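Those sequence lines, one after another, are chains A and B.
Residue 142 in the working numbering sits at position 142 of the first sequence; the count goes up by one each step and never skips.
Each number in the working numbering corresponds to the 1-based position in the second sequence with 325 added.
Below is one structure; the comments refer to it alone.
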Amino acid sequence: MKRHRKVPFLHVAVDLPKMDIFLQQIINGLVQGSIYALVALGYTMVYGIMGLINFAHGEVVMIGTLVTITVATTLIKAGMPVAVAGLAGLSSAVLACMALGWSLERVAYRPLRNAPRLTPLITAIGMSIVLQNVAMIVWGRNYLTFPHLLPKVNFEFAGAHFTAVQVMIVVVSGLTMGGLVLLVYRTKLGMAMRATAQNPQVASLMGVNSNRVISAAFVIGSALGALAGVMVGTYYEIAHYQMGFMLGLKAFTAAVLGGIGNLAGAMAGGILLGIIEALGAGYIGDLTGGFLGSHYQDIFAFVVLIVVLMFKPSGLFGEKTGDRA
Amino acid sequence: MHAKLSVVALSVAAALALGACGKKEEPKPVAAPAAPAAPAAPAPKPEVVVKLGHVAPMTGPQAHLGKDNENGAVLAIEELNAQGIEIGGARIKFELVPEDDQADPKQGSIVAQKLVDAKVHGVIGHLNSGTTIPASKLYSDAGIPQISGSATNPKYTQQGFKTAFRVMANDVQQGKALGQFAAKLGAKTVAIVDDRTAYGQGLADEFRKSAEAAGIKVVATEYTNDKATDFKAILTKIKSKKPDLVFYGGMDAQGGPMAKQMKELGIKSGFLGGDGVCTPEFMKLGGEATEGNYCSLPGMPLEKLAKGPEFKDKFSKKFGVEIQLYAPYVYDAVMVMADSMKRASSVEPGMYLPEVGKTKYDGVTALIEFDEFGDLKGGAISMYRYKGGKLEYVETLGGDAVGAIKEVAAEVKDAAKAVATAAADAGKDAVKAGAEAVKDAAEATKAAVEKK
């Protein structure tokens, strides 16, 4: 007889959620969520004013990233300091996306202003495909690497790791949302936007140029898209002509979760979605005893969305009345 | 009104999302239109056009690999046409019919049906196992020979189709070699991540078997998908298990960022992957995080093969880009097909198919011979290290012999266990059965050693 063996199950370490790991998952989710939020702000901005879901917004983000790569990489190669090249990349991306947003509205949505609401939705999906293919022709099929714009600084807090880039992403999306709220509620343009959202005809009778207001919404939304694109690029350091698709879809989900059309809702929805995803991927396996693996993280997120919509059909922050700014 | 619209839009979004992620669904073969009468056999005319279908993802996250495959096929076809081959008294002009399956099994079946309807003489591809397996049924039904240069999932050739061939070692061989290599690296614990594609999942499963057989403990199993860019959540979970090694079954577009994010999270484990991450693209995307880690490629390194350097030169001269991954294999696949047609003196699928199985072709990647399943005989697996942005050759593991012995050893172990159980039961029959099992296993061991 061999040595006495312990009963196997006493060997199995009990997997209690560890605090540092939990904190790390929250940080992961917060950063991912801030990216969703930044993109979701673009969706919600346009939706709030026109009731149009601009499915091409994810592609605007993608164009923003790719333009930044081209400009920044060229300038860095030409010997410019990284900070200057990065800023130049960012501003050219913002300009390019503003132009793109303006033309999108002009070409694809304005002619359909009075069409049934599903028509511009389909056009938006069409524009999304067109933009993806244009980007494929211009930038090629390969993955592109995003230049290192920020120094690699790693922080450690209670066993959780995070980088300067992650901090920047959270701060930038918070500031952006704050700025947008100020714009909408404290400026003349914002007032015009809210008026147009309530009733375009009446607003134009009051002297509001609703065409210009709608263009402005697209231009601002697209500028935000460019900013989001640069953040995504700096974070993952890769870009691809199809990167906007899933990102756009997730951001749209975030916007709906928070109450589409509502700025604070987009922010809350984004962060909530990010954290749900991270926790879902991190703990769903343990919670279900390995029955559901981490690839069910999206299902987790969508189940939460469905439950929220069942009880609050207009989203967490959505108002019950149909129209809102 | 708005709420209603958002619901409509949401369902559109959900449909799109499902389209994007629903890769695991069993694709239904497209209803085949009744095939008209078989085409008249090409009368020996001065010139006969032979259409070869080529399928790979030309759009989507793996488009760079798809383009690489197509380049391999284009190069082969141009060379064949320049040679001015004559088969059955006619001058042959090969023509490539390129199709894009978007690495999507559903799309794979659609384009496969398209190629069948276009009456191609042979099919090269597909790139992904996930698209190749469902498509192979359509080619088999139509009797069209298919040679893939990159679909490594064992299932592809195990369906009993006479038309399915591959010129690359399969994942049983590769997973085995990877598991043995992990043990060699001194890993005691591993975490396994796969992308839930036929390739990634298949390779990860084979790796798991081999690693466990070598005494390595699998401490975490996580999943992602072939479109993901963020892996922090699953990596954080892996971090809590502190494995010596993280194994990834999937492609470079995910593997590179994954390696990078491991570093960012302060994970100190090594990274190991199969052919999908053994690319220049992987190192470009993973940056310095890939340094010092390992991956495997079926076959021998191109530099070590007689015709390898020449092929490399030809390729970069013609396309102005580096070989990504499978181009040499796809090149060989086209050449094997043309060679079989020559030996059969016919370009008709039904006529030259029997010759494909009898292939003995000295290709760029290997001396190509097929076993009874259509798998490459004696597929070797080479291990590489990422070093300074380049793949550094480490060693070649002969897939078959070593694996067979390991398997037998496991059988002996099982048999011994059976004996022990039987003894405990003190049932005479059980003891007899156990003893027989031991005997069988011992014989098998002997056979395997002799084979080696």
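Yeah, the Cβ is synthetic: ideal placement off N, Cα and C, and Gly gets one too.
Bear in mind the structure is a predicted one, so any value in this text is a computation, not a measurement.
Contact holds between the stretch 18-26 of chain A and the stretch 559-566 of chain B, because three or more Cβ pairs, one in each stretch, are under 8 angstroms apart.
GLN201 of chain A has a beta carbon lying at 8 angstroms or more from every beta carbon in chain B. Secondary structure at CYS603 of chain B: coil, using DSSP grouped into helix, strand and coil. Considering only beta carbons, the part of the stretch 18-31 of chain A lying closer than 7 angstroms to chain B consists of LYS18, ILE21, GLN24, GLN25, ASN28, in chain order. Of the candidates B:LYS557, B:SER465, B:ILE469, B:THR514, B:LYS557 places its Cα closest to the Cα of THR163 of chain A. Nearest to LEU316 of chain A by alpha-carbon distance, out of A:GLY293, A:ASN262, A:ILE169, A:GLY86, is A:ASN262. For the pair GLY704 of chain B and PRO605 of chain B, the CB atoms are not nearer than the 8 angstroms cut-off.
Runs of beta strand (DSSP E) with 3 or more residues, each lying fully within the stretch 143-208 of chain A, are found at 154-157, 160-163, listed in chain order. Straight through space, the alpha carbons of THR176 of chain A and LEU95 of chain A are spaced by roughly 17 angstroms.
If you ignore the 5 residues before and after TYR143 of chain A, its C-beta comes within less than 8 angstroms of the C-beta of ILE238, ALA239, HIS240, all in its own chain and listed in chain order. The secondary-structure analysis by DSSP pairs GLU717 of chain B across a beta bridge with B:ARG710. PHE640 of chain B and ASP393 of chain B have their C-alpha atoms roughly 10 angstroms apart. If you look at TYR619 of chain B, you'll find it in the beta strand (DSSP E) that goes 619-623. Between the alpha carbons of HIS379 of chain B and LEU131 of chain A lies a distance of about 27 angstroms.
Here GLU694 of chain B carries a coil assignment [DSSP, helix/strand/coil]. For SER294 of chain A, the residues of chain B that pass the 8 angstroms Cβ criterion are GLU547, TYR548, THR549, ALA558, ILE559, LYS562, in the order they occur in the chain. MET662 of chain B is classed as buried because its beta carbon has at least 16 other beta carbons within 10 Å across all chains shown. The beta carbon of PRO479 of chain B sits closer than 7 angstroms to those of ASN495, ASP496, VAL497, GLY527, all from its chain and outside the five residues before and after it, given in chain order. Close CB contacts of PRO568 of chain B within its chain, under the 6 angstroms cut and outside five residues either way in sequence, are with THR514, VAL515, ALA516, VAL544, SER594 (chain order).
In the structure shown, ASP519 of chain B falls within a strand segment according to DSSP collapsed to helix, strand and coil. Runs of beta strand (DSSP E) with 3 or more residues, each lying fully within the stretch 536-590 of chain B, are found at 542-548, 570-574, listed in chain order. Listed by position along chain A, the residues whose Cβ is nearer than 8 angstroms to that of THR684 of chain B form an empty set, because the closest Cβ is around 32 angstroms away. Of all C-beta pairs linking the stretch 215-229 of chain A to the stretch 33-44 of chain A, three or more are shorter than 8 angstroms, placing the two stretches in contact. Here the alpha carbons of TYR296 of chain A and GLN198 of chain A stand approximately 40 angstroms from one another. Residues of chain B whose Cβ lies closer than 8 angstroms to the Cβ of MET136 of chain A are, in chain order, THR384, ALA388. ALA216 of chain A and VAL153 of chain A have their C-alpha atoms spaced approximately 37 angstroms apart. Counting the other Cβ atoms within 10 Å of the Cβ of GLU277 of chain A gives 16 or more, which makes it buried.
Residue state for SER670 of chain B is assigned as coil, using DSSP reduced to three classes. The DSSP-derived three-state label of SER665 of chain B is helix.
Under DSSP, SER473 of chain B forms a beta bridge with B:ARG491. Residues of chain B with a Cβ closer than 7 angstroms to the Cβ of GLY282 of chain A are, in chain order, ALA558, THR561, LYS562. Counting other Cβ atoms within 10 Å of its Cβ, LYS715 of chain B stays below 16 and is therefore classed as exposed.
Put simply, the backbone Cα of VAL655 of chain B is about 23 angstroms away from that of VAL373 of chain B. Non-local C-beta neighbours of THR119 of chain A in its own chain, meaning closer than 6 angstroms and more than five positions away in sequence, comprise LEU112, ordered along the chain. In the three-state scheme derived from DSSP, where H, G and I count as helix and E and B as strand, VAL445 of chain B is classed as coil. One finds GLU589 in chain B with Cβ atoms closer than 8 angstroms to the Cβ of THR163 of chain A, taken in chain order.
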